[in-house]
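Here is the structure we will look at.
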Amino acid sequence: MFESLPCLPRYLYEAPIFVLADDFTYHAIVGILTVLLLGLEALIYIVFLVVNAMQQVKSHAISRKTYEMQKKFFIALLIQLLVPFFFIFIPLSSAWIMVLKNYFNQAMVNFGIIMISMHGVLSSIVMISVHRPYREAVLGWFAKKKISVSVEVSEKPDRARSNTFVALIV
Numbered sequence: 076m077f078e079s080l081p082c083l084p085r086y087l088y089e090a091p092i093f094v095l096a097d098d099f100t101y102h103a104i105v106g107i108l109t110v111l112l113l114g115l116e117a118l119i120y121i122v123f124l125v126v127n128a129m130q131q132v133k134s135h136a137i138s139r140k141t142y143e144m145q146k147k148f149f150i151a152l153l154i155q156l157l158v159p160f161f162f163i164f165i166p167l168s169s170a171w172i173m174v175l176k177n178y179f180n181q182a183m184v185n186f187g188i189i190m191i192s193m194h195g196v197l198s199s200i201v202m203i204s205v206h207r208p209y210r211e212a213v214l215g216w217f218a219k220k221k222i223s224v225s226v227e228v229s230e231k232p233d234r235a236r237s238n239t240f241v242a243l244i245v
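Take any residue in the sequence shown, note its place counting from 1, add 75, and you have its number in my numbering.
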């Protein structure tokens, strides 16, 4: 362990030390198990969604229009799942390949960090893009708003002057 970390202070050589793994085997096992478990979880979720939708259609528990809406929603969810795949899984996979091949490329590392850090923003953009209610709400914020002015004049019998009520409807 100390051969791979030169120029250490003397007290580190004499102190008790615990090293979980001095190679990447433990980390590779944990990484592979994590990817497999997350992939299995997503696959089970997708299978249950599809089977449930098909059973409801066959038993006429839902209408054809509801099924079509669920189908659109399911496709939107699949598109949303592609964002983490492309912006997290691919950079991490390339990092693992670089570790396994003992290859270092700073440009690839920087590009991977940029991709992973863009995940949150791109997930939000994709969610707004693929789900119509979110899209309509956000576009409503940026659409030109029509301002209509309504004027109502009323006279009270005890006063000779008129009161003006102006309402802005935005």
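The C-beta atom is built at its ideal place from N, Cα and C for all residues, glycine as well.
Quick caveat, the model's predicted, so the values are computed rather than measured.
Distance CB(residue i)-CB(residue j) smaller than 8 Å
i: Met190; j: Pro166; result: yes
i: Val201; j: Ile163; result: no
i: Met183; j: Met193; result: no
i: Leu95; j: Tyr101; result: yes
i: Ser187; j: Ser204; result: Strictly speaking, residue 187 in this sequence is Gly, with Ser absent from that position. Cβ atoms of Gly187 and Ser204: not closer than 8 Å.
i: Ala117; j: Leu152; result: no
i: Tyr142; j: Val132; result: yes
i: Trp171; j: Gly114; result: no
First through last residue of the alpha helix (DSSP H) which encompasses residue i
i: Ala103; result: Thr100 to Lys133
i: Phe149; result: Arg139 to Pro159
i: Ala96; result: Premise fails: Ala96 is in no alpha helix (DSSP H) and is neither H nor E.
i: Tyr88; result: Arg85 to Glu89
Exposure of residue i, with buried meaning 16 or more beta-carbon neighbours within 10 Å
i: Gly215; result: exposed
- Looking at C-beta atoms only, is the number of pairs between the stretch 121 to 131 and the stretch 192 to 200 that lie closer than 8 Å three or more? no
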